[in-house]
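J.:
Right, dumping it as structure tokens:
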């Protein structure tokens, strides 16, 4: 999940989200991580935005995004048209618990704040991979909202990249 230094994953309406270009080193790290995935999961809105984009893209991210199976969580999506994708309509906890039991690589969640918050509240996140960009929004959608109890984390990895982006990987205690 990418966020601003003030903790927002989405800028306020109408605000430019521009920032530093992605560093080559960070792109290599992200590509390696994505290629090791066994499944991509996402909500409907992300699916509808990402599917058409990645199917037409020649960016280095396109191949692993298109080749790795995808599961979209939606009660309203009629059909999954992105190749190698399926729709999960059941209980979020049960569906993801089932995916975790299947053989394969990591499950990578893509999407916005609401999907990440739902996964977090359900205790379904094994690692929080957070990329903090050197930009502040002063408002927007936060990554962590309405947790109820404090989410205590252990730091697994930290790294800084030449474009100012900070990588942190956390595991829930």
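Residue numbers (our numbering): 2 to 174.
Virtual Cβ for every residue (Gly too), placed ideally from N, Cα, C.
Please read all numbers here as calculations on a predicted model, not as lab measurements.
1) DSSP three-state call for residue 32: helix, strand or coil?
2) Check whether the Cβ atoms of residue 132 and residue 3 lie closer than 8 Å to each other.
3) So, under 8 Å CB-CB, residue 129 and residue 171 are touching, yes? Tell me the CB distance rounded to an integer number of Å.
4) Should the segment 140-153 be regarded as contacting the segment 70-82, the criterion being three or more beta carbon pairs within less than 8 Å?
5) I'd like to check one pair, residue 143 with residue 123: are the Cβ atoms closer than 8 Å?
6) Once DSSP output is grouped into helix, strand and coil, what is the label at residue 88?
7) With residue 42 and residue 108 assumed to form a contact (beta carbons below 8 Å), what rounded beta-carbon distance in angstroms separates them?
8) Ignore the nearest five residues each way along the sequence and tell me which others in residue 96's own chain have a CB closer than 6 Å to its CB.
9) Tell me the DSSP bridge mates of residue 143?
10) From 49, 52 and 35, pick the residue whose C-alpha is nearest to that of residue 61; which is it?
11) Counting C-beta neighbours from all protein chains within 10 Å, is the total for residue 22 16 or more, i.e. buried, or is it exposed?
12) Leaving aside the five residues before and after residue 86 along the sequence, list all residues of the same chain whose C-beta is less than 8 Å from its C-beta, in chain order.
13) Beta-carbon within less than 6 Å of residue 140's beta-carbon, same chain only, minus the 5 sequence neighbours each way: which residues are those?
14) In this structure, does DSSP put residue 25 in helix, strand or coil?
T.: Looking at the coordinates:
1) helix
2) yes
3) The distance from the Cβ of residue 129 to that of residue 171 is about 4 Å, consistent with a contact at the 8 Å cut-off.
4) Short answer: they don't touch.
5) Inclusion of residue 123 and residue 143 in the CB contact set at 8 Å is not warranted, their separation being larger than that value.
6) strand
7) About 6 Å; that satisfies the 8 Å criterion.
8) 89
9) 9
10) 35
11) exposed
12) 48, 52, 70, 71, 72 and 73
13) 13
14) For residue 25, the three-state secondary structure derived from DSSP is helix.
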